[in-house]
Amino acid sequence: QVQFVESGGGLVQPGGSLRLSCAASGDYFSFRYSSIGWYRQAPGKQREYVASITHSGTTNYPDSVKGRFTISRTSNERTVYLQMNNLLPEDPAIYYCNYYPSGTDWGQGTQVTVSS
Numbered sequence: 006q007v008q009f010v011e012s013g014g015g016l017v018q019p020g021g022s023l024r025l026s027c028a029a030s031g032d033y034f035s036f037r038y039s040s041i042g043w044y045r046q047a048p049g050k051q052r053e054y055v056a057s058i059t060h061s062g063t064t065n066y067p068d069s070v071k072g073r074f075t076i077s078r079t080s081n082e083r084t085v086y087l088q089m090n091n092l093l094p095e096d097p098a099i100y101y102c103n104y105y106p107s108g109t110d111w112g113q114g115t116q117v118t119v120s121s
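Residue numbering for the sequence shown follows our numbering, starting at 6 and increasing by one per position.
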């Protein structure tokens, strides 16, 4: 069992950047050898996929964030990051990390707000 704790959200202006962190505790091998994804949920909308990274470092993104967001994992494999550049008015949401493609036991997430 792995617990995910997200952090790093905040308020930025359009075009700004944020780096989100996802710290994992619990079953090290489950986290280390699983694909991990970032997801987001805006008010009144369904949770959507934002980025994913396999245990070997292969990344994938939907078109909505491709070229702006970058997912990465640390060398000790306990943390996954999401670097978000050129944030747009459609990016505000609560951002979550979890297993990819199917998440379980969702954490509290971290709020991202984009406003001038």
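The C-beta atom is built at its ideal place from N, Cα and C for all residues, glycine as well.
Asked: Checking contacts by CB at 8 Å: is PRO106 closer than that to chain B?; Found: The displayed structure is made up of one protein chain only, and chain B is not part of it.
Asked: Return the CA-CA distance between ILE41 and VAL7, expressed in angstroms with no decimal places.; Found: 11 Å
Asked: Measure the alpha-carbon distance for VAL17 versus ALA98 and round it to whole angstroms.; Found: 12 Å
Asked: Roughly how many angstroms separate the alpha carbons of GLY15 and HIS60, rounded to a whole number?; Found: 28 Å
Asked: From ASP96 to GLN46, what distance separates their C-alpha atoms?; Found: 10 Å
Asked: Shortest alpha-carbon distance to ASP68 belongs to which of VAL55, ILE76 and VAL117?; Found: VAL55
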